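Contents: one structure, followed by commentary.
Numbering (the numbering used here), first residue to last: 7 to 235.
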């Protein structure tokens with residue numbers, strides 16, 4: 007697969023049916039990526055999965071590529087990054103190039119719902135999919151397909167949304183966001199960020215700056231990136 011040294015400014019997402027490009031959001035996240043965030047991401051994998059040295063891993067919905075990168079850094083024998091979003095593929099390729107395009111790290115663009123696509127893969131010691139499969143439009147089929155890639159003694163590490171009383175509300179917010187023009191999206195990002203990270207903590211008599219400072223400890227993530235997601 008071709009790797010790119012930098013992100014083309016006018017790159018268009020060629021995947022049909024994507025109303026929100028998570029990859030564009032991840033591309034922005036990489037602009038603020040630090041060594042500290044990478045270390046936190048690596049530590050989160052070690053906390054969840056233990057020692058992955060010598061193991062085969064597939065990262066389904068690889069997004070920014072930071073966890074595929076972390077798997078490589080932790081000594082995984084084989085890393086496969088998969089994402090349907092072309093911008094996310096660019097992100098993983100960007101990080102792969104930073105470590106001189108190792109042969110044990112391969113990157114593919116495609117859907118976990120596409121059985122023909124996933125049939126090219128074998129079985130893995132670790133199947134990792136964090137916060138992804140509920141976005142596919144057919145979550146249970148996606149989970150079934152992902153689970154089929156786990157070998158007999160392997161681990162399926164899955165994180166999905168839980169359904170709460172506010173789920174319907176957030177679904178409507180996402181619909182409005184996707185239909186909004188660019189200025190509307192920026193306004194919604196600002197309002198939600200302000201409410202979540204300033205107004206609500208202040209109402210709870212908590213220092214919002216402390217929460218923001220410590221946010222990167224959450225798997226090395228970024229608060230504004232998560233707001234957009």
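For every residue, glycine included, the Cβ atom is placed at its ideal position computed from N, Cα and C.
Please read all numbers here as calculations on a predicted model, not as lab measurements.
Pick from 144, 121, 133 and 211 that is closest to residue 58, judged by C-alpha positions:
Residue numbering aside, residue 58 sits at position 52 when the chain shown is read from its first letter. Residue 58 has its Cα closest to that of 133, out of 144, 121, 133 and 211.
Ranges of the beta strand (DSSP E) found wholly within the region 55–142, counting only runs of at least 3
For the region 55–142, whole beta strand (DSSP E) runs of length 3 or above, ordered along the chain, are 62–66, 84–89, 111–115 and 130–136.
Backbone secondary structure at residue 195 - three-state DSSP:
For this step, residue 195 is matched to residue 189 along the chain shown. In this structure, residue 195 counts as helix in the three-state DSSP scheme.
Since residue 162 sits in a beta bridge, which residues does DSSP pair it with?
Counted from its first residue, the chain shown places residue 162 at position 156. Per DSSP, the beta bridge partners of residue 162 are 133.
Beta-carbon separation of residue 238 and residue 99 under 7 Å?
For the chain, the structure presents residues 7 to 235; residue 238 sits outside this window and is missing.
Any chain C beta carbon closer than 7 Å to residue 129:
Included in the structure is just one protein chain, with no chain C present.
Measure from the alpha carbon of residue 136 to the alpha carbon of each residue in 167, 49, 181 and 159, then state which is nearest.
For this step, residue 136 is matched to residue 130 along the chain shown. Residue 167 is the option with its Cα nearest to residue 136.
If distances are taken between C-alpha atoms only, which option among 130, 110 and 216 comes closest to residue 163?
Numbered from its first residue, the chain shown carries residue 163 at position 157. Of 130, 110 and 216, the residue nearest in Cα terms is 130.
Pairing CB atoms from the region 148–160 with CB atoms from the region 186–193, are three or more of them under 8 Å?
Cβ pair count under 8 Å is below three, so no.
What are the boundary residues of the alpha helix (DSSP H) that includes residue 187?
In the chain shown, the residue the question calls residue 187 occupies position 181. Note, residue 187: premise wrong, no alpha helix (DSSP H); not H, not E.
For residue 207, which residues from the same chain have a beta carbon less than 8 Å from its beta carbon, with the 5 sequence-adjacent residues on both sides left out?
Translated into the one-based positions of the chain shown, residue 207 becomes position 201. Result list for residue 207: 213, 214 and 217, in chain order.
Just how far apart, CA to CA, sit residue 54 and residue 82?
Here the question's residue 54 lines up with position 48 in the chain shown. Here the question's residue 82 lines up with position 76 in the chain shown. The alpha-carbon atoms of residue 54 and residue 82 are separated by roughly 15 Å.
Looking at the structure shown, is residue 151 part of a helix, part of a strand, or coil, going by DSSP?
Taking the chain shown and counting its residues from 1, one reaches residue 151 at position 145. Helix, per DSSP.
Figure out for me which residue from 63, 61, 60 and 43 has the closest Cα to the Cα of residue 70.
On the chain shown, position 64 is the one that residue 70 refers to. Looking at 63, 61, 60 and 43, the one whose alpha-carbon comes closest to that of residue 70 is 43.
Around the Cβ of residue 151, are there at least 16 other Cβ atoms within 10 angstroms (buried) or fewer (exposed)?
Sequence index remark: in the chain shown, residue 151 carries index 145 (1-based). Its Cβ being crowded by 16 or more others within 10 Å, residue 151 is buried.
Chain-order list of residues whose beta-carbon lies under 7 Å from that of residue 204 (same chain, five-residue window excluded)
Within the chain shown, residue 204 is the residue found at index 198, counting from 1. For residue 204, where only same-chain residues beyond five positions count, the Cβ hits under 7 Å are 214.
Nearest to residue 66 by CA position, among 182, 77 and 181, is which residue?
The count along the chain shown starts at 1 and reaches residue 66 at position 60. If we check each option's Cα against that of residue 66, 77 comes out closest.
With DSSP as the reference, please indicate the residues paired to residue 156 in a beta bridge.
Position 150 of the chain shown, counted from the start, is the residue given in the question as residue 156. Residue 156 is bridged to 130.
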